[in-house]
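In this note's numbering, the protein residues as written are -4 to 83.
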């Protein structure tokens, strides 16, 4: 572990904050977003943050948690298409 790794947020923190933000975003637009539209960019940024913190496994966990909280899972999959290894 390098010096700068000490300052990285934990996977659990990234996961919780990301899921909370995904839920907030979808609460403002429950119908979802068009894939790769400017409106979907915050979701793509969250997906990239999750991927950087924990790879595909962390993205899958966030997807499952967000879906359990009422997020349109299929739409989130489409928005994340091409982020990391995600193929929506």
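Ideal Cβ positions, reconstructed from N, Cα and C, are used throughout, including at glycine.
Worksheet item: Could you give the residue range of the alpha helix (DSSP H) that holds residue 66?
Response: Taken as a continuous stretch (DSSP letters only), residue 66 belongs to no alpha helix (DSSP H), as it is neither H nor E.
Worksheet item: Comparing alpha-carbon positions, which option in 12, 26, 9, 6 lies nearest residue 68?
Response: Ranked by Cα distance from residue 68, the options 12, 26, 9, 6 are led by 26.
Item to complete: Locate the alpha helix (DSSP H) running through residue 76, then write down its first and last residues.
Response: From DSSP, residue 76 is part of no alpha helix (DSSP H); its letter is neither H nor E.
Worksheet item: Residue range of the alpha helix (DSSP H) that residue 34 falls in?
Response: Per DSSP, residue 34 belongs to no alpha helix (DSSP H) and is neither H nor E.
Item to complete: Can you give me the Cβ contacts of residue 53 inside the same chain, cut-off strictly under 8 Å, excluding the 5 residues immediately before and after it?
Response: Here the set comprises 6, 9, 10, 45, 46.
Item to complete: Could you tell me whether the region 48 to 62 touches the region 32 to 39, where touching means 3 or more Cβ pairs closer than 8 Å?
Response: The region 48 to 62 makes no contact with the region 32 to 39; the number of CB pairs closer than 8 Å stays below 3.
Item to complete: Mind reading off the beta-carbon distance from residue 78 to residue 43? Whole number of angstroms is fine, and I expect it under 8 Å.
Response: With 8 Å as the limit, residue 78 and residue 43 qualify as a contact, their Cβ atoms being about 5 Å apart.
Fill in: Identity of the residue in 72, 50, 32 nearest residue 58 by Cα
It is 72 whose Cα lies nearest to the Cα of residue 58.
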